[in-house]
Each structure stands twice: as C-alpha cells, then as structure tokens.
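Quick note, the sequences are listed as chains A and B, same order.
Numbered according to the numbering used here, the first sequence spans residues 7 to 289.
Numbered according to the numbering used here, the second sequence spans residues 7 to 289.
Glycine included, each C-beta is placed from N, C-alpha and C at the ideal position.
Reading through the structure tokens given below for one structure.
Number of protein chains: 2
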Amino acid sequence: MLTADKKILVVGLGLIGGSYAEALTRRGFDVAALTRSAESIDFALEKGIISRGFTEPCEDALSDRDIVIFCLYPRVLTAWIEKNQKYIRDGAVLTDVTGVKGAVVYKVQHLLRPSLEFVGAHPMAGREVSGVRNADCSIFRGANYIVTPTAENTPRAVELVEDLGRLLGFSRISVLSPEKHDEMIAFLSQLTHCLAVSLMTCRDVEHLSAYTGDSFRDLTRIARINDEMWSELFLLNREELLRQMDVFSSQMGILREAVASGDAETLKRLMRLSTERRALFDK
Amino acid sequence: MLTADKKILVVGLGLIGGSYAEALTRRGFDVAALTRSAESIDFALEKGIISRGFTEPCEDALSDRDIVIFCLYPRVLTAWIEKNQKYIRDGAVLTDVTGVKGAVVYKVQHLLRPSLEFVGAHPMAGREVSGVRNADCSIFRGANYIVTPTAENTPRAVELVEDLGRLLGFSRISVLSPEKHDEMIAFLSQLTHCLAVSLMTCRDVEHLSAYTGDSFRDLTRIARINDEMWSELFLLNREELLRQMDVFSSQMGILREAVASGDAETLKRLMRLSTERRALFDK
Numbered sequence: 007m008l009t010a011d012k013k014i015l016v017v018g019l020g021l022i023g024g025s026y027a028e029a030l031t032r033r034g035f036d037v038a039a040l041t042r043s044a045e046s047i048d049f050a051l052e053k054g055i056i057s058r059g060f061t062e063p064c065e066d067a068l069s070d071r072d073i074v075i076f077c078l079y080p081r082v083l084t085a086w087i088e089k090n091q092k093y094i095r096d097g098a099v100l101t102d103v104t105g106v107k108g109a110v111v112y113k114v115q116h117l118l119r120p121s122l123e124f125v126g127a128h129p130m131a132g133r134e135v136s137g138v139r140n141a142d143c144s145i146f147r148g149a150n151y152i153v154t155p156t157a158e159n160t161p162r163a164v165e166l167v168e169d170l171g172r173l174l175g176f177s178r179i180s181v182l183s184p185e186k187h188d189e190m191i192a193f194l195s196q197l198t199h200c201l202a203v204s205l206m207t208c209r210d211v212e213h214l215s216a217y218t219g220d221s222f223r224d225l226t227r228i229a230r231i232n233d234e235m236w237s238e239l240f241l242l243n244r245e246e247l248l249r250q251m252d253v254f255s256s257q258m259g260i261l262r263e264a265v266a267s268g269d270a271e272t273l274k275r276l277m278r279l280s281t282e283r284r285a286l287f288d289k
Numbered sequence: 007m008l009t010a011d012k013k014i015l016v017v018g019l020g021l022i023g024g025s026y027a028e029a030l031t032r033r034g035f036d037v038a039a040l041t042r043s044a045e046s047i048d049f050a051l052e053k054g055i056i057s058r059g060f061t062e063p064c065e066d067a068l069s070d071r072d073i074v075i076f077c078l079y080p081r082v083l084t085a086w087i088e089k090n091q092k093y094i095r096d097g098a099v100l101t102d103v104t105g106v107k108g109a110v111v112y113k114v115q116h117l118l119r120p121s122l123e124f125v126g127a128h129p130m131a132g133r134e135v136s137g138v139r140n141a142d143c144s145i146f147r148g149a150n151y152i153v154t155p156t157a158e159n160t161p162r163a164v165e166l167v168e169d170l171g172r173l174l175g176f177s178r179i180s181v182l183s184p185e186k187h188d189e190m191i192a193f194l195s196q197l198t199h200c201l202a203v204s205l206m207t208c209r210d211v212e213h214l215s216a217y218t219g220d221s222f223r224d225l226t227r228i229a230r231i232n233d234e235m236w237s238e239l240f241l242l243n244r245e246e247l248l249r250q251m252d253v254f255s256s257q258m259g260i261l262r263e264a265v266a267s268g269d270a271e272t273l274k275r276l277m278r279l280s281t282e283r284r285a286l287f288d289k
C-alpha cells in the first residue's frame with residue numbers, strides 16, 4: 007500500500023515529473039525533486055509542488071526516499087542508475103515513465119543491486135508543451151496508466167506502483183508485460199506519430215493552411231513532436247515499430263488497389279469496418 | 007450581390023442542406039426545400055428553417071427560385087440536372103456542395119441549357135452525424151468555403167456564390183480552379199481519410215481501446231465515415247488521390263528506412279520539419 011508517510015523523489019522535473027510532483031504533493035506526500043535546472047527547482051518550490059530540490063545526485067537527496075520516480079529519457083535513465091544507485095536507500099522502490107519498456111525495464115533491473123526494486127510504468131498522458139512551468143496534474147484524468155512488471159518483481163512493489171497510478175488520478179490502471187506493452191505502443195502511439203510526421207513532411211503544405219478542415223488538423227496535431235525523445239523511443243522499439251509500419255502499409259496498399267481498380271465494394275467494406283471499429287474507441 | 011429578396015431552393019435536405027437552410031432563413035431569405043423524405047420536410051417546417059417543402063421535382067418547387075443549391079451526392083446531382091432542369095426558371099444560378107469538383111462541375115455545365123448558370127462550391131464543414139435533425143449552421147463558423155469557377159462562368163454568378171459563403175457564416179472564402187481544388191482536397195481530406203481507415207482496419211484493435219491515448223483517437227476520428235459518399239468521392243478523384251497516396255507512402259518509406267537503419271539524425275530532421283510546419287496550421 008502506498009501510504010502518505012512514504013517519501014518520494016522525482017528525478018527529472020519536466021512536464022511529466024512536475025505533474026507527478028503536483029499530484030502527489032496535493033495527496034499529502036513529501037515530494038522532493040532532483041533535476042539539472044536550478045530554475046525548475048525554484049519554480050516548483052515557489053509553486054509549492056515540492057518540499058526540497060537538488061541539482062545533483064547526492065546522499066542528501068536520496069538516502070531517505072522510499073520511492074524514486076524517474077522522469078528521464080530512456081538512455082539517460084540507464085546511465086543515471088549505473089552511476090547513482092549507490093545513493094538510494096536499501097528497500098526503495100523505483101519506477102519510471104518512459105514510453106518503451108522492453109529496452110528499459112530489463113536493463114535497469116539488471117543494473118540494480120539486489121536491495122532495490124524497479125517496476126516499469128507508462129503514464130499515457132502528455133501535452134504538446136514541455137517543462138515544469140506547464141506541469142498540470144489534470145492531464146492524468148481520463149488517461150491510461152500501464153504497469154509492466156517482470157518475473158523479477160515482487161507483488162508488493164507492483165501493487166505500490168499500481169497505487170501510484172491511482173493516486174496520480176489516472177482513470178484506468180492496466181498491467182502488461184514489457185513485450186505486450188511495446189507491441190501495443192508501437193501500433194497505437196509510435197505508428198500514429200509516424201503517420202503524422204510523414205503527412206506533414208511529404209509535400210509542401212505552406213500554402214494549404216487556408217483550405218484545411220478539421221480532419222487534417224486532427225491528424226497532424228501530434229506532428230509537433232519532441233525530436234530528441236521520440237527518435238530515441240522509435241529506435242529503442244525498432245523491430246516492433248517496423249512490424250506495425252508494415253502492417254499499416256500493407257493495408258494502405260489494399261485501399262490503393264481498390265481506388266486504382268475502381269472497386270467501390272472493397273472501399274465501402276473497409277469504410278464500414280472502420281466505422282464500426284471506431285465506435286469502440288469513443289470515450 | 008446576394009440580396010435577401012432572392013428566393014432559394016435547397017435540393018437534398020440532409021445535414022449540410024439543413025444547415026444551409028437554417029443559416030439562410032435566419033438571414034431573412036425565403037428558403038424552400040426539395041427532398042425525398044416527407045419526414046425531413048415536416049421536421050424542417052416545424053423547426054422553421056424552410057418556408058415550403060416538396061418531395062418531388064416540379065414546376066411549383068422550382069419556377070420561382072433564383073438560386074438552387076444542390077446538396078446531393080455527385081452522381082445523383084448530374085442525373086437530377088439531366089432530368090429536372092426543365093423546371094428551373096431562366097436566369098437562375100445553381101451551385102452545389104460536393105467534395106470533388108473536376109468530375110462534377112464540367113459535367114453539370116455541359117448538361118445545362120444556356121439560360122442557366124452553375125458555379126461549383128465546396129463548404130469544408132461537416133460532422134460525424136447526418137440528416138436534417140442534426141442540422142446546425144454553427145458548423146460553418148471557422149470553416150473554409152471554396153468556389154470553383156470555370157471559363158464558362160460570369161463574374162456576377164461567381165460573386166453571388168461567394169456572397170452565399172459569407173452569408174452562411176464561413177470564415178474564409180477562397181476561389182480555386184476545379185483542378186487545383188481536387189489536388190488540394192485529395193491531399194488534405196481524401197488522403198487523411200485513407201490513413202484513418204487503413205489505421206482502423208489494418209489489425210484487430212478491439213482489445214486495445216483500454217490503452218489508447220488521445221493521439222490514436224485524434225487520428226481515427228474520421229474513420230467513422232459515410233461509405234456511400236466517400237467511396238464515390240474517392241473514385242471521382244481517382245488519379246489525384248492515387249498521386250497523393252503515393253507521395254505519402256514514399257515519405258513513409260523514408261521514415262521506415264531511417265528506423266530500420268537506426269538513423270537518428272534523419273528521424274530528428276523529419277520531426278523538426280514536421281513540428282515547424284505544423285505550427286502554420288494552428289488556428
């Protein structure tokens with residue numbers, strides 16, 4: 007059980023880290039933050055969403071923390087663990103927020119000393135803006151939170167990380183293996199970002215903004231994309247993403263063939279299927 | 007100039023026809039409607055958005071109308087013109103709302119007798135629901151309206167159809183050739199619907215609704231699609247749609263290759279370009 011006497015450290019105080027800190031402070035937890043920018047810490051202290059802040063990993067920041075939440079890019083996370091796990095107290099539970107799991111979870115678990123436990127989690131929430139100044143824990147409402155335990159994890163720690171998702175305000179908490187998570191995220195999130203980026207870059211569009219309807223705007227909203235983070239996420243989930251891109255392209259090929267051959271029946275059949283399926287996704 | 011003494015007939019009283027009728031009646035015009043469903047007419051009369059209704063083309067419905075607005079599917083429109091233009095008074099201006107222009111405008115102009123003039127128009131507005139009961143002229147606010155004149159048209163009639171767009175409440179009125187319109191619409195609207203339909207039909211998704219974020223929902227909102235109308239629109243704009251599908255697929259191929267070869271620099275460059283371009287499309 008995640009009780010309010012647990013001391014929490016958020017490592018990486020950006021949009022997601024800041025939103026976690028805000029939600030957990032409101033819930034009565036003592037939340038400290040460790041992040042490189044002193045300005046981010048000053049802002050978070052002023053806003054009252056953290057109790058203390060640190061710009062460098064140290065004994066003082068970590069030795070009394072029961073839970074450490076990493077809100078870092080995947081590669082930075084594993085490097086951090088290697089270098090700084092020595093400061094974390096025995097028995098602490100560690101979790102993260104990264105958007106790929108297979109390439110992160112096993113590596114972190116492998117690196118950790120036996121007295122620490124890492125349970126991966128993926129909060130499926132975000133905004134097109136970044137930084138702690140845009141932190142807003144209302145982004146978790148209505149959103150999904152996925153916990154990705156492995157055979158290494160204990161039921162106690164998994165339960166604690168699930169509790170964390172509930173306390174943050176997520177509407178649905180799910181448990182998936184890292185592999186299932188990555189397959190699902192390759193299709194639902196990474197492929198959709200590939201489509202948006204391809205649509206936005208495949209031809210000159212500057213002169214077209216006068217003519218766009220909502221459909222083009224909807225499809226390209228996520229074409230505003232953090233290139234550092236997403237290129238890393240794509241490449242860490244490469245095989246699965248390629249598989250999903252190929253599944254999609256093959257379906258586009260079927261649709262193209264129906265258009266090319268004037269096959270109205272196939273077009274209508276696909277449209278009816280998509281209409282029917284889309285109804286399942288209405289909130 | 008489109009003055010309020012002009013008498014208007016809306017042919018086809020669905021979502022768009024009904025919304026036109028509502029907007030124009032509010033603007034003080036006398037608006038009659040011709041549509042197959044007596045129930046639709048009863049509803050529109052009761053709601054006060056038309057002054058008279060007819061279920062069959064006839065002298066009575068058409069002989070006093072200065073402007074006739076066709077809110078019909080493309081193929082139905084050309085068949086209607088062939089059979090019923092005899093009822094329309096000399097000097098009337100005709101326009102439409104169809105989503106493809108090259109395959110419609112020239113054909114209608116060719117069919118018309120010399121004393122009638124047709125100016126194509128495309129109101130880029132819609133909803134995921136249909137029928138006059140869902141009519142709502144607020145859908146035109148913030149939306150684009152495109153007039154597609156040809157060499158056959160007179161400045162007076164083109165101006166009148168532009169005025170119509172303004173009176174309906176569209177935020178932006180543009181003039182494009184039918185060919186330019188069709189190229190633009192193939193990319194901005196038809197291709198986006200192809201992407202949404204392909205994404206929704208390329209694999210089983212029933213079990214995935216628990217995990218979707220907003221990105222998947224945004225990209226597939228338009229996967230709920232009127233199969234009769236859109237299959238017709240796709241096939242009437244076949245060459246241009248195929249061209250745009252190929253442009254898109256080739257760009258997806260570049261992105262795929264970058265993922266496959268671990269080329270982070272190309273991924274980041276495409277993401278930065280898409281981010282920059284997308285900013286142009288924010289309302």
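**Study point:** Contact list for I231 (chain B) against chain A, beta-carbon separation under 8 Å
**Key:** M277, S280 and T281
Practice item. In the DSSP assignment, find the unbroken alpha helix (DSSP H) run with N90 (chain B) in it and report its ends. Key: P80 to N90
Practice item. Say whether chain B places a C-beta atom closer than 8 Å to the C-beta of F240 (chain A). Key: yes
Point to revise | Alpha-carbon spacing of L248 (chain A) relative to E185 (chain A), whole angstroms | key: 15 Å
Exercise for review: Taking only the alpha-carbon atoms, compute the straight-line gap between S256 (chain B) and L205 (chain A) and give it to the nearest angstrom.
Suggested key: 11 Å
**Study point:** contact_flag[the segment 106-113 of chain B, the segment 235-252 of chain B] where n(CB pairs < 8 Å) is 3 or more
**Key:** yes
Point to revise | Separation of L173 (chain A) from E168 (chain B), as counted between CA atoms | key: 55 Å
Exercise for review: Decide yes or no for the touch test of the segment 62-74 of chain A against the segment 134-147 of chain A: beta carbon pairs closer than 8 Å, at least 3 of them.
Suggested key: no
**Study point:** CA-to-CA distance, E165 (chain B) to F76 (chain B), given in whole angstroms
**Key:** 18 Å
Review point. Quick one: Cα of C208 (chain B) to Cα of V265 (chain A), how far?
Key: 17 Å
Review point. Does the count of Cβ pairs from the segment 149-157 of chain A and the segment 21-29 of chain A closer than 8 Å reach three?
Key: no
Practice item. With a cut-off of 8 Å on the beta carbons, I'd call V125 (chain A) and V153 (chain A) a contact; round off their distance for me. Key: 6 Å
Point to revise | Residues within the segment 11-33 of chain B neighbouring chain E, beta-carbon criterion of under 8 Å | key: Any reference to chain E falls outside this structure, whose protein chains are A and B.
Check your understanding: Can a CB atom of chain A be found closer than 8 Å to the CB of F287 (chain B)?
Key -> yes
Review point. Which runs of the beta strand (DSSP E) spanning at least 3 residues fall entirely within the segment 129-199 of chain B, listed in chain order?
Key: 150-154 and 178-181
Check your understanding: Any Cβ of chain B within less than 8 Å of the Cβ of G219 (chain A)?
Key -> yes
Point to revise | F176 (chain B) beta carbon less than 8 Å from that of S215 (chain A) | key: no
Exercise for review: Quick one: grab the DSSP three-state call for R58 (chain B).
Suggested key: strand
Check your understanding: Bridge partners of T218 (chain A), per DSSP?
Key -> According to DSSP, which records beta bridges pairwise, T218 (chain A) is partnered with nothing at all.
Check your understanding: Does G175 (chain B) get closer than 8 Å to chain A when you measure Cβ to Cβ?
Key -> no
Exercise for review: Kindly indicate which three-state DSSP category D102 (chain B) falls into: helix, strand or coil?
Suggested key: strand
Review point. Relative to the C-alpha of D96 (chain B), which residue among B:V82, B:V74 and B:A202 is closest?
Key: B:V74
Practice item. Determine, using beta carbons only, whether D36 (chain B) and S57 (chain B) come nearer to each other than 8 Å. Key: yes
Exercise for review: Give a yes or no on whether the minimum CB-CB distance between I152 (chain B) and chain A is below 8 Å.
Suggested key: yes
Exercise for review: Throw me the rounded Cβ distance for the L242 (chain A) and P80 (chain A) pair, which I believe falls under 8 Å.
Suggested key: 6 Å
Point to revise | Rounded straight-line distance, which links the Cα of Y217 (chain B) to that of D70 (chain A) | key: 34 Å
Review point. Using a beta-carbon distance cut-off of less than 9 Å, what residues from the segment 166-195 of chain A approach chain B?
Key: R178, S180, L182, H187, M190, I191, F193, L194 and S195
Check your understanding: Under a three-way DSSP split, which group does I75 (chain A) fall into?
Key -> strand
Point to revise | C-alpha gap between P155 (chain B) and S183 (chain B), whole angstroms | key: 6 Å
Check your understanding: Roughly how many angstroms separate the alpha carbons of I179 (chain B) and L8 (chain A), rounded to a whole number?
Key -> 58 Å
Review point. For D233 (chain A), does the three-state DSSP call read helix, strand or coil?
Key: helix
Check your understanding: When DSSP builds the beta bridges, which residues end up paired with I14 (chain A)?
Key -> A:V37 and A:I73
Check your understanding: Can you find a C-beta in chain A that's less than 8 Å from the C-beta of S121 (chain B)?
Key -> no
Practice item. Take R262 (chain A) as the anchor and find which of B:E234, B:D269 and B:H199 has the nearest alpha-carbon. Key: B:H199
Practice item. Below 8 Å on the Cβ atoms is my guess for E123 (chain A) versus V99 (chain A); work out the distance and round it to an integer in Å. Key: 5 Å
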